[in-house]
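Before any comments, here is the structure.
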Ligand SMILES: Cc1cc2nc3c(=O)[nH]c(=O)nc-3n(C[C@H](O)[C@H](O)[C@H](O)COP(=O)(O)O)c2cc1C
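In my numbering, the protein residues as written are 153 to 324.
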């Protein structure tokens, strides 16, 4: 059975709550809260599948607990080849339509450069209203976009459906 690591950075608890739901939906998964549980890059080695969660802050920035680890990754260039990786995170399409869930796209670039297979868990951008997102290409997000502020009633179902999609796509 594959080991699944759910690494999450969340300032207000919304992306964390999605991560907790994912932990319940995936057998053999472990939640690593970047604020409390993360020590160093070697923690990623323990897992075959990584579910990477971050809300978006500033103007399209990753959540603050991801800043140092991502910097370290870009410097040390660990080899992530063979790992299946998917991205999820919260944003706010009404207050921040110019960089909606952009953090997902930024993280995807970094993990892809390190050799990870990041072609999993893409979702349609239909049903969201925003101007721009670096996480969007050709009408699809490179992961799961959550907007619990404006579309709270959709969050749980979106997370559930995404988990089903990943199980199929990754064969887990
Ligand atoms: C100062 C500030 C900047 C933000 N910038 C963005 C942004 O650029 N893009 C976006 O989609 N959401 C942005 N948001 C919205 C947050 O991502 C949103 O509140 C999210 O639910 C937080 O998730 P978390 O509780 O997991 O941290 C911003 C919120 C604040 C307060």
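Backbone N, C-alpha and C define an ideal beta-carbon position, used for all residues, glycine too.
Rounded C-alpha distance that separates residue i from residue j
i           : j           : result
residue 234 : residue 168 : 26 Å
residue 276 : residue 283 : 15 Å
residue 212 : residue 239 : 15 Å
residue 286 : residue 271 : 16 Å
residue 219 : residue 225 : 10 Å
residue 192 : residue 266 : 16 Å
residue 246 : residue 305 : 16 Å
residue 194 : residue 289 : 31 Å
residue 335 : residue 158 : The structure shown does not extend to residue 335, since the chain is modelled only from 153 to 324, so the question has no answer here.
residue 244 : residue 196 : 29 Å
residue 215 : residue 295 : 16 Å
residue 181 : residue 318 : 13 Å
residue 174 : residue 164 : 18 Å
residue 291 : residue 249 : 15 Å
DSSP bridge partner residues for residue i (one or two, in chain order)
i           : result
residue 287 : Answer is none; residue 287 lacks a bridge partner.
residue 298 : 242
residue 185 : 160
residue 104 : Absent from the structure is residue 104, since the part of the chain shown begins at 153 and ends at 324.
residue 214 : 208
residue 276 : 292
Buried versus exposed, by CB contacts within 10 Å (16 or more), residue i
i           : result
residue 260 : buried
residue 310 : buried
residue 223 : exposed
residue 279 : exposed
residue 189 : exposed
residue 251 : buried
residue 231 : exposed
Check whether residue i and residue j have beta carbons under 8 Å apart
i           : j           : result
residue 236 : residue 269 : yes
residue 301 : residue 201 : no
residue 171 : residue 307 : no
residue 160 : residue 183 : yes
residue 297 : residue 178 : no
Inset, instruction - Could you tell me whether the region 249–260 touches the region 191–210, using the rule of 3 or more Cβ pairs below 8 Å? - result: The count of Cβ pairs closer than 8 Å, one atom from the region 249–260 and one from the region 191–210, reaches three, so the stretches are in contact.
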